[in-house]
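J.:
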Ligand SMILES: C[S@@+](CC[C@H](N)C(=O)[O-])C[C@H]1O[C@@H](n2cnc3c(N)ncnc32)[C@H](O)[C@@H]1O
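Here is the structure:
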């Protein structure tokens, strides 16, 4: 039988929870992984360049905490967003922590759907986004093509699908990368890679100044697709114009400069991230 804590003389002082025990993994994820302000600017301005008009309705596939949906509706009064995710826990967190913080008028323009992106049926939207490489969970080519074809059918005639991809020779390595933040360290762990089928197990861990750790706060089992494969499969799924946006380099520092431009050639960098757009018509 479980014993209640001892009271009175000699009682042990209650242990103070560690920083890891007090941490909120979704908040840490948002702080270390997402930059929805940047993504908003990229998606909004690129859509305008591609179509000559403003986008209004966005669907965020694999939306998690729906941060991009919230960004979208807070930027323009005519903007509406639909977030789709399978996991009720992450959607509830997003509702309580992100959507609840929006103004009432903005909240009314967000809708969350607990559904599979392979099955969801939404009214035609201007933009679908699938960010942070979530689409890589489809490890078979036919299934990935099916997902892309469904995305295409959910877009208006001049609608655009935006997604991101990472690569470079370090992407295939089993390795950990640490990024220090205020009060925590984000650890990206490429734990295993199988060259025969391209499947990969990755984790996100967090560590804290008091020595505590949040191990495997997030786990991703996916296939590491390459950029040529991604473009081919988008075209096979019926997208008309597929564009890769490669990141420029700051001439002084030699580091990536955050400016993504259409490109047909890139550098053989050890690690890169880029955006891809695919036009419906
Ligand atoms: C890497 S998170 C992406 C979070 C966020 N969109 C971002 O940009 O950081 C992946 C999310 O995809 C969801 N997910 C996985 N398979 C899915 C599916 N078939 N349909 C809908 N959501 C799915 C998971 O529940 C998880 O919240």
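Numbering (my numbering), first residue to last: -8 to 272.
Backbone N, C-alpha and C fix where the C-beta goes; we use that ideal spot for every residue, glycine too.
Go through its chain and collect everything with a Cβ distance to residue 159's Cβ below 6 Å, but skip five positions before and after it.
T.: The answer, listed in chain order, is 260, 261, 262 and 263.
J.: With respect to the beta strand (DSSP E) encompassing residue 191, which residues constitute its N-terminal and C-terminal limits?
T.: Per DSSP, residue 191 belongs to the beta strand (DSSP E) from 190 to 198.
J.: When you get a sec, list the residues whose CB is within less than 6 Å of any heavy atom of ligand 1, chain order please.
T.: This criterion selects 24, 25, 53, 54, 55, 75, 76, 77, 78, 81, 107, 108, 109, 122, 123, 125 and 128.
J.: Take the Cβ of residue 123 as the centre, count every other Cβ of all protein chains shown within 10 Å, and call the residue buried at 16 or more, exposed below.
T.: Buried, because 16 or more other Cβ atoms sit within 10 Å of the Cβ of residue 123.
J.: Quick check on the DSSP output: the beta strand (DSSP E) that includes residue 235 runs from which residue to which?
T.: 232 to 240 is the extent of the beta strand (DSSP E) around residue 235.
J.: Any idea what DSSP makes of residue 126, helix, strand or coil?
T.: If DSSP states are grouped into helix, strand and coil, residue 126 belongs with the helices.
J.: Expressed to the nearest angstrom, what Euclidean distance is found between the alpha-carbon atoms of residue 197 and residue 212?
T.: Cα to Cα, the separation comes out at about 18 Å.
J.: Does the beta-carbon distance from residue 115 to residue 154 come in below 8 Å?
T.: Contact: no.
J.: For residue 16, which residues of its own chain have a beta-carbon under 8 Å away from its beta-carbon, when the five flanking residues on both sides are left out?
T.: Excluding residues within five positions, the ones whose Cβ falls inside 8 Å are 197, 205, 208 and 209.
J.: Would you tell me roughly how many angstroms separate the C-alpha atoms of residue 254 and residue 238, rounded to the nearest one?
T.: Roughly 9 Å between the two C-alpha positions.
J.: Give the secondary structure of residue -6 by DSSP, where H, G and I count as helix, E and B as strand, and everything else as coil.
T.: Because residue -6 carries a pLDDT of 46, less than 50, the predicted location of this residue cannot be relied on, and no value is offered for it.
J.: Under a CB-based cut-off of 8 Å, is residue 61 close to chain B?
T.: Protein chains in the displayed structure number just one, and chain B is not present.
J.: Buried or exposed for residue 180, please, with buried defined as at least 16 other CB atoms from any protein chain shown within 10 angstroms of its CB.
T.: Residue 180 should be labelled buried.
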